[in-house]
Amino acid sequence: MRRVMQGDGISPMTARVFDSHEPTLVLDGESLEVVAVNPPLANLVGRPLAELLGQVPDFLRAEDSGARHWERTRQASLVKPNGAVQAVEVTCLYVEKGPPRRVVLRLTALDANGTPNNAPLHNRHQALHRAHRELLSAYNRLELLNDELENKNRQLQEVYRRLSYASKMAAVGELTAGATHGINNPLAAAVSAVRTLDRLCQQCPDELREQMMATCRRADRALERIERIVADLRRLAQAGTRRGDLKVVDLGQEIRLALELISHKLEDIDLKLALPEGLTVRVCPDEFNQVIMNLADNAAAAMDGHGHLTIRALLEGGKLRLEIEDDGPGVPPDMTQRIFEPFFSTKEPGRGTGIGLAVARGIIEGYAGTLYLEQEHGPGCKFVIELPAEVVRERPSENTGG
């Protein structure tokens with residue numbers, strides 16, 4: 044089928060539309076001039092193809108110029124060269140965004156009753172158009188359902204992770220509770236014996252005294268190490284069991300108190316605090332301080348006592364986001380999923396038991412919060428604590444007005 048076009052601003056899709064047997068024309072969206080017509084339209088109008096190009100159809104309105112949205116259908120009358128009047132239905136198939144903007148119209152001849160002369164074809168076209176709209180609507184609903192399904196799946200995975208972690212911690216807790224109970228009595232006896240030996244050393248001859256006292260000091264340090272491990276195991280066994288009453292405390296004060304307790308480890312650390320005034324949390328103070336001390340201590344150890352440590356608090360939709368960030372070497376990518384496992388440690392042997400983060404996460408989850416590692420590529424490490432709105436309180440500022 045031959046078609047006539049002016050310029051080359053016709054899309055391939057519009058070119059295919061012209062190959063149909065229905066009267067079709069394309070307008071410039073701004074000037075409303077005809078830029079393309081097909082033979083069926085020329086036959087309907089009763090004018091040559093070339094004569095129609097560049098003309099503005101009589102059935103258009105001034106407000107159509109530059110319009111982004113055209114009404115779906117409108118009725119109009121065409122006056123043929125012989126004076127005959129032909130009623131038509133003008134259907135806007137679509138508007139191309141451009142540039143240039145093109146409007147594709149299809150004209151359907153109507154009989155005296157206002158019924159399309161090609162009613163079967165017209166009805167089929169209308170049915171296809173309705174089916175297309177229904178299909179598009181179904182597709183949009185399917186996309187929404189898919190988004191909801193993905194969100195539910197993420198929530199389910201998080202619940203599964205928490206249940207799995209809680210189950211593992213419960214099993215480890217039972218094991219460590221029995222182990223610490225069995226170790227405590229002989230450990231206490233060994234500590235007492237070393238202290239007794241240390242006192243008896245004072246009665247030894249000079250040539251033996253220094254040697255005996257050095258041996259006692261080494262034994263005492265080893266026993267202190269065992270005591271710390273037992274204390275860590277006891278804390279792990281008690282993870283999830285609150286060791287004190289909940290209190291509403293000032294967030295900034297509690298964080299500063301926790302840092303003061305390990306200040307000897309932070310002497311050469313450039314510490315920056317960004318904590319909003321008047322922000323309180325409802326927690327067990329001892330537990331919360333333990334979490335802050337553990338994260339700050341880990342950061343100092345990762346930086347080998349020298350570096351920058353930033354602790355900042357943010358309120359996001361009523362929830363608290365607490366960030367503990369250092370500029371140390373970071374956690375290797377293959378270890379990021381394991382650092383919260385009990386007894387897993389990235390520290391050198393003898394410098395950590397791998398219990399601190401497991402206990403800290405258990406404490407935070409006891410407040411319906413989360414503790415996780417947020418690490419980007421490159422050096423540095425950022426641990427994030429998120430606490431729900433019911434744990435966070437904003438203390439109203441005092442009214443200083445008269």
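One gets the working numbering by counting positions in the sequence shown from 1 and adding 43 to each. Glycine included, every Cβ here is placed at the ideal spot set by N, Cα and C.
> At what residues does the alpha helix (DSSP H) containing Arg59 begin and finish?
Replying inline: Segment 55–61, the alpha helix (DSSP H) holding Arg59.
> Would a C-beta distance cut-off of 8 Å place Ser123 and Gly89 closer than the cut-off?
Replying inline: According to the sequence displayed, residue 123 carries Lys and not Ser. The Cβ atoms of Lys123 and Gly89 lie closer than 8 Å to each other.
> Rounded to a whole number of angstroms, what is the C-alpha to C-alpha distance between Lys195 and Ala236?
Replying inline: Distance between Lys195 and Ala236, taken at the CA atoms: about 60 Å.
> Between Pro66 and Arg149, is the Cβ-Cβ spacing less than 8 Å?
Replying inline: Yes. Within cutoff.
> Taking C-alpha atoms, which residue in Arg115, His349, Ile305 lies nearest to Ile335?
Replying inline: Ranking the options by Cα distance to Ile335, first place goes to Ile305.
>> Whole angstroms are fine: how far does the CA of Glu310 sit from the CA of Leu363?
In response: Cα-Cα distance, rounded: 28 Å.
>> Beta-carbon within less than 6 Å of Lys315's beta-carbon, same chain only, minus the 5 sequence neighbours each way: which residues are those?
In response: Excluding residues within five positions, the ones whose Cβ falls inside 6 Å are Thr353.
> Is Val374 helix, strand or coil by DSSP?
Replying inline: Correct three-state label for Val374: coil.
>> Among Asn228, Ile407, Gln118, Leu179, whose alpha-carbon lies nearest the alpha-carbon of Pro328?
In response: Minimum Cα distance to Pro328 is reached at Ile407.
> Is it right to say Gln296 is buried, meaning 16 or more other beta carbons lie within 10 angstroms of its own, or is it exposed?
Replying inline: Gln296 should be labelled exposed.
>> What residue range does the beta strand (DSSP E) around Leu148 cover?
In response: Residues 145–152.
>> At the level of alpha carbons, what is the spacing between Gly50 and Leu153?
In response: Since pLDDT at Gly50 reaches only 46, below the 50 mark, its modelled position is unreliable, and the value read off the structure follows with that caveat. Taking the straight line from one Cα to the other gives about 31 Å.
>> Going by DSSP, what residue range makes up the beta strand (DSSP E) through Leu70?
In response: 67–71 is the extent of the beta strand (DSSP E) around Leu70.
>> If you reduce the DSSP assignment to three classes, tell me which class Leu136 lands in.
In response: Strand at Leu136.
> In the DSSP assignment, what residue or residues form a beta bridge with Ile428?
Replying inline: Looking at the DSSP assignment, Ile428 forms a beta bridge with Leu365, Leu414.
> Which first and last residues belong to the alpha helix (DSSP H) in which Ala344 is found?
Replying inline: Unbroken alpha helix (DSSP H) run through Ala344: 328–345.
> By Cβ distance below 6 Å, which residues in the same chain neighbour Ala342 in space, the five residues on each side in sequence not counted?
Replying inline: Cβ neighbours of Ala342 beyond the five flanking positions: Leu352, Asp369.
> Within 10 angstroms of its Cβ, does Thr151 collect 16 or more other Cβ (buried), or is it exposed?
Replying inline: Buried.
>> Within 8 Å, do at least three Cβ pairs link the segment 113–121 to the segment 129–149?
In response: Look at the beta carbons and you see the segment 129–149 touching the segment 113–121: at least three pairs across the two are nearer than 8 Å.
>> I'd like to check one pair, Val78 with Leu95: are the Cβ atoms closer than 8 Å?
In response: In this structure, Val78 does not lie closer than 8 Å to Leu95 by Cβ.
>> Per DSSP, what are the beta-bridge partners of Ser120 in this structure?
In response: DSSP lists Ala130 as partners of Ser120.
> When the Cα atoms are used, what is the spatial distance from Gly399 to Leu240?
Replying inline: Roughly 34 Å separates the two Cα atoms.
> So Leu365 packs on Ile269, CB below 8 Å; how close in whole Å?
Replying inline: With 8 Å as the limit, Leu365 and Ile269 do not qualify as a contact, their Cβ atoms being about 33 Å apart.
> Anyone know if the C-beta pair for Leu75 and Leu103 falls short of 8 Å?
Replying inline: For Leu75 and Leu103, yes; Cβs fall inside 8 Å.
> For the candidate residues Asn332, Gln198, Thr323, whose alpha-carbon lies nearest to that of Gly361?
Replying inline: Closest option to Gly361, judged by alpha-carbon separation, among Asn332, Gln198, Thr323: Thr323.
> Using the rule of at least 16 other Cβ atoms within 10 Å of the residue's Cβ for burial, across every protein chain shown, is Arg404 buried or exposed?
Replying inline: When all chains shown are included, Arg404 counts as buried.
>> So, with DSSP's three-state summary, where would you put Gly405?
In response: Residue state, collapsed to three classes: helix.
> By a C-beta neighbour count over all protein chains shown, 10 Å radius and 16 as the cutoff for buried, is Pro439 buried or exposed?
Replying inline: Unreliable placement is indicated for Pro439, whose pLDDT of 49 sits below 50; the coordinate value is still reported in the next sentence. Flag for Pro439 reads exposed.
>> Quick test of your reading: Ile382 and Leu416, contact by CB under 8 Å. State the CB separation rounded to the nearest angstrom.
In response: A Cβ-Cβ distance of about 7 Å is found for the pair Ile382 and Leu416, placing them in contact under the 8 Å criterion.
> Do you know whose CA, among Leu300, Val326, Ala301, Met255, lies nearest Leu289's CA?
Replying inline: Closest by C-alpha distance to Leu289, out of Leu300, Val326, Ala301, Met255, is Val326.
> Would Pro385 be called buried (16 or more neighbouring beta carbons within 10 Å of its own) or exposed?
Replying inline: Taking all protein chains in view, the Cβ of Pro385 is crowded by 16 or more other Cβ atoms within 10 Å, so the residue is classified as buried.
>> Quick check on DSSP: helix, strand or coil for Val202?
In response: It is helical.
> Taking the DSSP output, what are the residues bridged to Arg325?
Replying inline: According to DSSP, Arg325 bridges with Val291.
>> Can you list, in chain order, the residues of its chain with a C-beta nearer than 7 Å to that of Pro55? Leave out the 5 residues immediately preceding and following it.
In response: For Pro55, where only same-chain residues beyond five positions count, there are no Cβ hits under 7 Å.
> In three-state DSSP terms, what is His172?
Replying inline: In this structure, His172 counts as helix in the three-state DSSP scheme.
> If you drop the 5 nearest sequence neighbours on each side, which residues of the same chain put their C-beta closer than 6 Å to that of Ala411?
Replying inline: Apart from sequence neighbours up to five positions away, the residues of its chain that approach Ala411 with a beta-carbon distance below 6 Å are Pro431, ordered along the chain.
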